[in-house]
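Chains as they are written, first to last, in the numbering used here: chain B, 8 to 119; chain R, 8 to 119.
Idealized CB from N, CA, C, for every residue including glycine.
The block underneath contains the structure these notes are about, expressed in structure tokens.
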């Protein structure tokens, strides 16, 4: 079981900003998972990996693919109070789900 | 309502590693909160701020203070598979709770 969080590297987000966006996505996708997947993932050490995408289009594609595959997922748009324009898509989380299912959607992306 | 996640800046964690530790702490403290606090925070846009600490001792102190104040909190130790020694304390999350209560514990820390 794992969760992959894909964040945009092309926005020039600061480290703290990036971390907050990743945490938003992680929590929101977690809440989309059913109770059994939540428990299994937590029992497994709630493995999370943070991956990079280089465009908004890439995020949308990952989000769409996770949706088609029926995996828990969440796309985060920034409220735009600080570094970004309001509504900018910043991160998408996929899972918790089986490693195989998550890899099928995010497997060819590089670590952030 | 907000949640503050305090991460160590003295460990030289990479950006993705930092984001994963912050997400661990965020989710774990969220699960410690009661249902009313969870709902109120989410209705409020689940505000998260990421702050910096410069030592393990600082993290322990924040964790202890949150405990004394009765706030949801979670201290994360890294499993040590990659960049860090096993058991290294990396981040602590405080809240979701009222802004005032969170600020009483983390208010004098700088943004990460």
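Check                                                                                         : Outcome
Closest Cα partner of residue 89/R within the set 111/R, 74/R and 21/R                        : 21/R
C-beta contact flag for residue 37/B and residue 23/R at 7 Å                                  : no
Simplified DSSP state of residue 113/B, which is helix, strand or coil                        : helix
Same chain only: Cβ atoms within 7 Å of residue 29/R, ignoring 5 sequence neighbours per side : 12, 14, 57 and 98
Residue-level contact to chain B via CB, residue 33/R, 7 Å cutoff                             : yes
Status (buried if at least 16 other CB within 10 Å, exposed otherwise) for residue 102/B      : buried
heavy atom of the ligand MG below 6 Å from residue 103/R C-beta                               : Because no ligand of any kind appears in the structure shown, any question about the ligand MG cannot be addressed here.
Cross-chain neighbours of residue 52/R in chain B, by beta carbon under 7 Å                   : 86
Sub-7 Å separation of residue 104/R and residue 78/R beta-carbons                             : yes
Neighbour-count burial assignment, residue 44/R, 16 or more Cβ in a 10 Å radius               : buried
Where residue 51/B falls, given that 16 or more other Cβ within 10 Å makes a residue buried   : exposed
Endpoints, beta strand (DSSP E) assigned at residue 50/R                                      : Residue 50/R -> not in any beta strand (DSSP E); alpha helix (DSSP H) instead, spanning 42-50.
Neighbouring residues, chain R, relative to residue 23/B (Cβ below 7 Å)                       : 57, 118 and 119
Residue 61/R to residue 31/R span [Cα, whole Å]                                               : 19 Å
DSSP three-state assignment for residue 10/R, whether helix, strand or coil                   : strand
Coarse secondary structure for residue 55/B, derived from DSSP in three states                : strand
CB of residue 66/R within 7 Å of CB of residue 96/R, strictly                                 : yes
Pairwise C-alpha distance: residue 93/B and residue 54/R                                      : 15 Å
Rounded C-alpha distance that separates residue 59/R from residue 16/R                        : 6 Å
C-alpha gap between residue 110/B and residue 84/B, whole angstroms                           : 23 Å
Any chain B beta carbon closer than 7 Å to residue 29/R                                       : yes
Buried versus exposed, by CB contacts within 10 Å (16 or more), residue 75/R                  : exposed
Where residue 16/R falls: helix, strand or coil (DSSP)                                        : coil
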